[in-house]
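Asker:
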Amino acid sequence: FRTSVAILRLASTNQTKQVQSRAILEQMRSEDGIGPLALRVLVADRLAHKDAAAANAYSSQLLANPRATLTDQLQHLEILRQLKSDEFRDRLQTVQQQVTTNAPDVAEVAAWMQANGLVAESLDWLTSLPNHLLDQRPVQMALVQGYLQNRQWTAMLNIASQANWGDLEYLRLALVFRAWSQLGSAGLADTSWNAAMGTAAGHRAATIQLLQLAESWHLQQKQEAVLLQMVQESPEDNRARQELESLYFNSGNTLGLHQLYAIL
Numbered sequence: 029f030r031t032s033v034a035i036l037r038l039a040s041t042n043q044t045k046q047v048q049s050r051a052i053l054e055q056m057r058s059e060d061g062i063g064p065l066a067l068r069v070l071v072a073d074r075l076a077h078k079d080a081a082a083a084n085a086y087s088s089q090l091l092a093n094p095r096a097t098l099t100d101q102l103q104h105l106e107i108l109r110q111l112k113s114d115e116f117r118d119r120l121q122t123v124q125q126q127v128t129t130n131a132p133d134v135a136e137v138a139a140w141m142q143a144n145g146l147v148a149e150s151l152d153w154l155t156s157l158p159n160h161l162l163d164q165r166p167v168q169m170a171l172v173q174g175y176l177q178n179r180q181w182t183a184m185l186n187i188a189s190q191a192n193w194g195d196l197e198y199l200r201l202a203l204v205f206r207a208w209s210q211l212g213s214a215g216l217a218d219t220s221w222n223a224a225m226g227t228a229a230g231h232r233a234a235t236i237q238l239l240q241l242a243e244s245w246h247l248q249q250k251q252e253a254v255l256l257q258m259v260q261e262s263p264e265d266n267r268a269r270q271e272l273e274s275l276y277f278n279s280g281n282t283l284g285l286h287q288l289y290a291i292l
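My numbering runs 28 ahead of the 1-based position in the sequence shown.
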């Protein structure tokens with residue numbers, strides 16, 4: 029309870045309460061049960077105050093605890109990056125070695141690398157992994173994301189064309205579309221996109237993700253097609269209808285507006 033109160037008061041604008049709270053957390057950081065939590069809060073507090081050196085000290089102590097998580101490891105890497113520490117590369121290599129028996133953890137480390145400007149390095153690491161890991165979905169997804177960011181369309185197509193992705197089949201087909209469209213094969217691209225929409229049909233979350241992909245790729249016609257499918261499936265969806273109306277109106281597509289109103 030003392031730790032919980034200290035965590036709450038650490039965000040107070042009252043300087044005295046902040047000092048008292050840090051003192052309590054300092055006492056608790058060596059406790060077996062509550063220590064990792066106290067250290068995580070102290071790390072976050074120091075980062076919020078732009079004190080990366082102190083955050084590094086707390087983070088190092090946290091990593092020495094057997095209850096440290098992969099999230100703790102990745103945060104430590106971020107701190108080392110902020111400090112421009114010579115330890116960064118060695119620590120990254122250590123984390124990579126620690127996760128090579130767990131495909132979801134491999135994907136998480138790769139995602140962190142890709143989000144922090146290390147796309148090429150993540151691909152070099154991923155492609156060096158044993159085949160039994162490369163055949164697992166999380167690792168394949170990490171590879172695809174890396175190839176997508178690096179605009180390596182042929183490599184991405186090779187991965188995305190393999191097997192069936194089950195519940196994520198619509199995503200695989202959308203990625204195949206993206207690869208073919210960038211490689212100049214419009215016919216194959218359109219076939220893949222239509223297949224992706226067909227697979228996503230009736231599944232709200234999948235359809236929304238396709239819409240988000242079309243938006244991020246700046247493909248208005250694909251956005252319109254997905255929104256139209258959403259309106260057809262759920263005419264009461266005012267948000268999808270209004271967004272589609274706006275796209276049609278702004279582009280002067282009166283035929284599209286007529287089609288939409290006919291459906292409604």
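Here a beta-carbon is modelled for each residue, glycine too, at the ideal position from N, C-alpha and C.
Quick caveat, the model's predicted, so the values are computed rather than measured.
Measure the C-alpha to C-alpha separation of residue 62 and residue 31 and round it to an integer number of angstroms.
Answerer: Rounded to whole angstroms, residue 62 to residue 31 spans 8 Å at the Cα level.
Asker: Does the Cβ of residue 250 have 16 or more other Cβ atoms within 10 Å, making it buried, or fewer, making it exposed?
Answerer: buried
Asker: How is residue 129 classed by DSSP in three states: helix, strand or coil?
Answerer: coil
Asker: Enumerate in chain order the residues of its own chain whose CB-to-CB distance from residue 179 is below 8 Å, with the five nearest sequence positions on each side excluded.
Answerer: 210
Asker: Please name the residue, chosen from 207, 202, 208 and 260, that lies closest to residue 239 on a Cα-to-Cα basis.
Answerer: Among 207, 202, 208 and 260, the Cα nearest to that of residue 239 belongs to 202.
Asker: Please classify residue 266: is it buried, with 16 or more other beta-carbons within 10 angstroms of its beta-carbon, or exposed?
Answerer: exposed
Asker: Return helix, strand or coil for residue 39, following the three-state DSSP convention.
Answerer: coil
Asker: Nearest to residue 176 by alpha carbon, out of 148, 47 and 84?
Answerer: 148
Asker: Evaluate the contact criterion for the segment 79-96 versus the segment 129-136: three or more CB pairs, one atom per stretch, below 8 Å.
Answerer: no
Asker: Only counting the same chain, and skipping five residues up and downstream in sequence, which positions put a Cβ closer than 8 Å to that of residue 157?
Answerer: 128, 134 and 167
Asker: Quick one: Cα of residue 83 to Cα of residue 71, how far?
Answerer: For residue 83 and residue 71, the distance between alpha carbons rounds to 5 Å.
Asker: Compare the beta carbon distance of residue 67 and residue 90 with 7 Å and say whether it is the shorter of the two.
Answerer: yes
Asker: If you draw a straight line from the C-alpha of residue 295 to the C-alpha of residue 230, how long is it?
Answerer: Since the first and last residues shown for the chain are 29 and 292, residue 295 lies out of range.
Asker: Roughly how many angstroms lie between the CA atoms of residue 274 and residue 185, to the nearest whole one?
Answerer: 33 Å
Asker: Would you identify the three-state DSSP class for residue 112, choosing helix, strand or coil?
Answerer: Assigned with DSSP and collapsed to three states, residue 112 falls in coil, not helix or strand.
Asker: Quick check on residue 122: buried or exposed, where buried means 16 or more other Cβ atoms within 10 Å of its Cβ?
Answerer: So residue 122 ends up on the exposed side.
Asker: According to DSSP, simplified to helix, strand and coil, what is residue 11?
Answerer: Given a span of 29 to 292 for the chain in the structure shown, any question on residue 11 remains unanswerable.
Asker: Quick one: using the 10 Å Cβ neighbour count with 16 as the cut-off for buried, is residue 291 buried or exposed?
Answerer: exposed
Asker: In terms of alpha-carbon separation, which member of 235, 137 and 242 lies closest to residue 260?
Answerer: 235
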